Amino acid sequence: MTKLFYKKSTAIAFIAAILVLILLVLILLVTLMQMTSLNQRAEQLAELIADAKKQGEITQELADYLKTDDYVRKWAVENGRIQQDDVTWLEQNFPNGSN
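The numbering of the sequence shown is our numbering, which starts it at 287 and goes up by one.
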């Protein structure tokens, strides 16, 4: 049987090189798996941010509506503070809403 390596130091260097190569491949695979996971998480966070912005716009529109005279009149009629006749009288006497 012939020897594959003539020197013991050559064999050790060859095995060390193979182990380093395997280690580098494993590190590359782990990094790629983490990148995929991080990319998915980034997409999820981008969707959450978009949803939060949309919800913020809806909330702002509602807050703006709650400040209008129309909402105040509607609330007052629904809660018995004023009668619908009073609202009609206001609309007839102050058509521009400047009461």
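Ideal Cβ placement from N, Cα and C applies to all residues, glycine included.
Predicted model, so just to flag it, every value in this text is computed and none were measured.
Coil, strand or helix - residue i by DSSP
i, result
"Q370", "helix"
"T354", "coil"
"N365", "coil"
"K289", "coil"
"F380", "coil"
Alpha-carbon spacing of residue i relative to residue j, whole angstroms
i, j, result
"K340", "L348", "12 Å"
"F300", "K293", "11 Å"
"I368", "D350", "23 Å"
"A302", "V311", "14 Å"
"E333", "W375", "49 Å"
"I304", "G342", "56 Å"
"E364", "Y357", "10 Å"
"F380", "D372", "12 Å"
"V306", "T322", "24 Å"
"A297", "L318", "32 Å"
"L315", "K289", "35 Å"
"N325", "A338", "20 Å"
"L352", "E377", "19 Å"
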